[in-house]
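First residue of the first sequence? That's 72 in the numbering used here, and the numbers climb one at a time after it.
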Amino acid sequence: MPELPEVEVTRRRIAPLLVGRRIRRLETTAPSYFFLTQPARLKRRLKGRTMLRVERIGKYLVAPLDDGGRLVIHLGMTGQLFGAGASSLRLLSATARAALTPEAQQGFRPDAHTHLRFHFDDDGPAVFMRDVRKFGKVLWLAPGEAHPRLERLGVDALRVTGEVLFRATRKRDRAVKNLLLDQTIVSGIGNIYADEALHRAKLRPTRRARRVTRAECEELAAAIRSVLERSIETGGSSIRDYVTPDGSDGGFQEERRVYARKGEPCLTCGTAVRCIVVGQRSTHYCTSCQR
DNA sequence: ACCGCACCCTGAGCGC
DNA sequence: TGCGCTCAGGGTGCGG
Numbered sequence: 072m073p074e075l076p077e078v079e080v081t082r083r084r085i086a087p088l089l090v091g092r093r094i095r096r097l098e099t100t101a102p103s104y105f106f107l108t109q110p111a112r113l114k115r116r117l118k119g120r121t122m123l124r125v126e127r128i129g130k131y132l133v134a135p136l137d138d139g140g141r142l143v144i145h146l147g148m149t150g151q152l153f154g155a156g157a158s159s160l161r162l163l164s165a166t167a168r169a170a171l172t173p174e175a176q177q178g179f180r181p182d183a184h185t186h187l188r189f190h191f192d193d194d195g196p197a198v199f200m201r202d203v204r205k206f207g208k209v210l211w212l213a214p215g216e217a218h219p220r221l222e223r224l225g226v227d228a229l230r231v232t233g234e235v236l237f238r239a240t241r242k243r244d245r246a247v248k249n250l251l252l253d254q255t256i257v258s259g260i261g262n263i264y265a266d267e268a269l270h271r272a273k274l275r276p277t278r279r280a281r282r283v284t285r286a287e288c289e290e291l292a293a294a295i296r297s298v299l300e301r302s303i304e305t306g307g308s309s310i311r312d313y314v315t316p317d318g319s320d321g322g323f324q325e326e327r328r329v330y331a332r333k334g335e336p337c338l339t340c341g342t343a344v345r346c347i348v349v350g351q352r353s354t355h356y357c358t359s360c361q362r
């Protein structure tokens, strides 16, 4: 679901609701693989703590705590982080909403998929984390504790350079799109922005990495940075489940050029956008513009 | 090093 | 209406 822009927009909008507020109590759902730190331990570690800031590392949100520990959250495919004031209109599925009375649709009522519920000493709005598919993750790190998932991440996609891509692509036989999705090389790019960046850089997703020239690496890096920055400006892509922390939609889906536009005309040349499978992911590109 | 696959889940959309 | 199927912004771990 969320890639770098969606995680970054979430970070910016949820930070004011989290930072500096002492956590009185954390409620969770039952233990599941969603919890890399078990619920009971998580509750103990967070009770009475205050988040100092909310940072983003790749697609992870990391909040340093006032005791030196860190709370780490990954949104997975369907993760949503939002304040209690958010409208349930977009947070819940259409079927779930249909079961609600009009009054109940106004504010969000935690449901079975609401895995984290932060309550604060100030009695202000609670903060919820909801994840229907539970592909997201939450964990607590002790002061100074490292975590392999974070340690392995490559350069942040907002700061990727042609040089980084050039070095990573040499002698690699894999499709350039697969390389972009590899978080250990560049972190933050997912299926939407890989396709969008490759279209803007006029590169075919299946091109072997080592066949990408130096100049093309520069163009690709620039395309990655600009498409991500533009998406952040517009609030991210709300194509399926993503909503911002206030429950509203992002706007970047209106600016997509290829992703989920199979059969529709390329906005550059009019050729029908083609959809193939690369690395087990649906992949959209223009057979004419992208070589 | 890299590919394909199974797996972790739930829900929407579609054809029949 | 309902069933069965496919698909989905994520990532890990395995065998080959």
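Note that beta-carbon positions come from the ideal geometry of N, C-alpha and C, so glycine has one too.
R230 burial status per 10 Å Cβ neighbour count (16 or more: buried): For the purposes of this step, residue 230 is taken as residue 159 along the first sequence, with counting starting at 1. Exposed is the call here.
Skipping 5 residues on each side, what residues in its chain have a beta carbon closer than 7 Å to that of Q109? By one-based count along the first sequence, residue 109 stands at place 38. Only P102 meet the Cβ criterion.
What's the C-alpha gap between G156 and L187? Numbered from its first residue, the first sequence carries residue 156 at position 85. Numbered from its first residue, the first sequence carries residue 187 at position 116. For G156 and L187, the distance between alpha carbons rounds to 15 Å.
By the 10 Å Cβ neighbour count, where 16 or more other Cβ atoms means buried, how is G261 classified, buried or exposed? Indexing the first sequence from 1 puts residue 261 at position 190. Buried: at least 16 other Cβ atoms inside 10 Å.
Mark A169 as exposed unless 16 or more other C-beta atoms lie within 10 angstroms of its C-beta, in which case mark it buried. Counting from 1 along the first sequence, the entry for residue 169 is found at position 98. Exposed is the call here.
I'd like to check one pair, T121 with R83: are the Cβ atoms closer than 7 Å? Along the first sequence, one-based indexing puts residue 83 at 12. Along the first sequence, one-based indexing puts residue 121 at 50. In this structure, T121 does not lie closer than 7 Å to R83 by Cβ.
Hey, how far is the Cα of A268 from the Cα of E326? Sequence index remark: in the first sequence, residue 268 carries index 197 (1-based). Sequence index remark: in the first sequence, residue 326 carries index 255 (1-based). Approximately 12 Å between the Cα atoms of the pair.
Judging by CA-CA distance, which residue of I263, Q177 and V314 is the nearest neighbour of R352? As a working mapping, residue 352 is identified with position 281 in the first sequence. Per the Cα distances, I263.
Look at the alpha carbon of I310 and the alpha carbon of P316, and state the distance between them as a whole number of angstroms. In the first sequence, counting from the first residue as 1, residue 310 sits at position 239. In the first sequence, counting from the first residue as 1, residue 316 sits at position 245. I310 and P316: Cα-Cα distance of roughly 16 Å.
Leaving aside the five residues before and after R243 along the sequence, list all residues of the same chain whose C-beta is less than 6 Å from its C-beta, in chain order. On the first sequence, residue 243 is found 172 positions in, with the first residue counted as 1. Answer for R243: A280 and R281, listed in chain order.
For Q324, name the three-state secondary structure that DSSP assigns. Counted from its first residue, the first sequence places residue 324 at position 253. Helix, per DSSP.
Can you list the alpha helix (DSSP H) stretches of 4 or more residues lying completely in the region 242-312, in chain order? Qualifying alpha helix (DSSP H) stretches, in chain order: 247-252, 262-271 and 285-305.
So, is A183 buried or exposed, given that buried needs 16 or more other C-beta atoms within 10 angstroms? Counted from its first residue, the first sequence places residue 183 at position 112. Flag for A183 reads exposed.
Which first and last residues belong to the beta strand (DSSP E) in which E98 is found? Counting from 1 along the first sequence, the entry for residue 98 is found at position 27. Here the beta strand (DSSP E) through E98 covers I94 to T99.
Between which two residues does the beta strand (DSSP E) harbouring A135 extend? The residue you call residue 135 lines up with position 64 of the first sequence. Strictly speaking, residue 135 in this sequence is Pro, with Ala absent from that position. Looking at the DSSP string, the run of the beta strand (DSSP E) that includes P135 is Y131 to P135.
Under three-state DSSP, which class holds K333? For the purposes of this step, residue 333 is taken as residue 262 along the first sequence, with counting starting at 1. Coil, per DSSP.
Backbone CA spacing between E222 and V143 [nearest angstrom]: Translated into the one-based positions of the first sequence, residue 222 becomes position 151. Translated into the one-based positions of the first sequence, residue 143 becomes position 72. Spanning the two alpha carbons is a distance of roughly 13 Å.
From V329 to L210, what distance separates their C-alpha atoms? Along the first sequence, read from residue 1 onward, the residue named residue 329 stands at position 258. Along the first sequence, read from residue 1 onward, the residue named residue 210 stands at position 139. Roughly 35 Å between the two C-alpha positions.
Could you give the distance in angstroms between the alpha-carbon of L338 and the alpha-carbon of V298? Counted from its first residue, the first sequence places residue 338 at position 267. Counted from its first residue, the first sequence places residue 298 at position 227. About 15 Å.
Could you check the C-alpha separation between T305 and A265 for me, to the nearest Å? Numbered from its first residue, the first sequence carries residue 305 at position 234. Numbered from its first residue, the first sequence carries residue 265 at position 194. Approximately 18 Å between the Cα atoms of the pair.
Can you say whether G307 is buried or exposed, counting buried as having 16 or more other CB atoms within 10 angstroms of its CB? The residue labelled residue 307 in the question sits at position 236 within the first sequence. Buried.
Grouping DSSP H, G and I as helix and E and B as strand, with all else coil, what is G142? As a first step, residue 142 is located in the first sequence; it is residue number 71 there, counting from the start. The sequence shown places Leu at residue 142, rather than the Gly named in the question. DSSP places L142 in strand when its eight states are reduced to three.
Can you check whether the CB of P73 is closer than 7 Å to the CB of Y356? The count along the first sequence starts at 1 and reaches residue 356 at position 285. The count along the first sequence starts at 1 and reaches residue 73 at position 2. Here Y356 is not near P73, since their CB atoms are 7 Å or more apart.
Please give me, in chain order, every unbroken run of the beta strand (DSSP E) with length at least 3 that falls completely inside the region 185-234. 185-191, 198-202 and 208-212
Going by beta carbon distance, what residues of the same chain come within less than 8 Å of L162, once the five residues before and after it are set aside? In the first sequence, counting from the first residue as 1, residue 162 sits at position 91. Cβ neighbours of L162 beyond the five flanking positions: Q151, F153, F179, R201, V314 and G318.
Evaluate contact between the region 114-130 and the region 231-242, counting only Cβ atoms and requiring at least three cross-stretch pairs below 8 Å. no
Could you compute how far the alpha carbon of A167 sits from the alpha carbon of V78? Within the first sequence, the letter at position 96 stands for residue 167. Within the first sequence, the letter at position 7 stands for residue 78. One C-alpha to the other measures close to 25 Å.
Residue interval of the alpha helix (DSSP H) (run including R83): On the first sequence, position 12 is the one that residue 83 refers to. Counting along the chain, the alpha helix (DSSP H) containing R83 begins and ends at L75 to L89.
Where does V90 land, buried or exposed, given buried means 16+ other C-beta within 10 angstroms? Within the first sequence, residue 90 is the residue found at index 19, counting from 1. Exposed.
By DSSP, does T354 sit in helix, in strand, or in coil? Numbered from its first residue, the first sequence carries residue 354 at position 283. T354 falls in the strand class under three-state DSSP.
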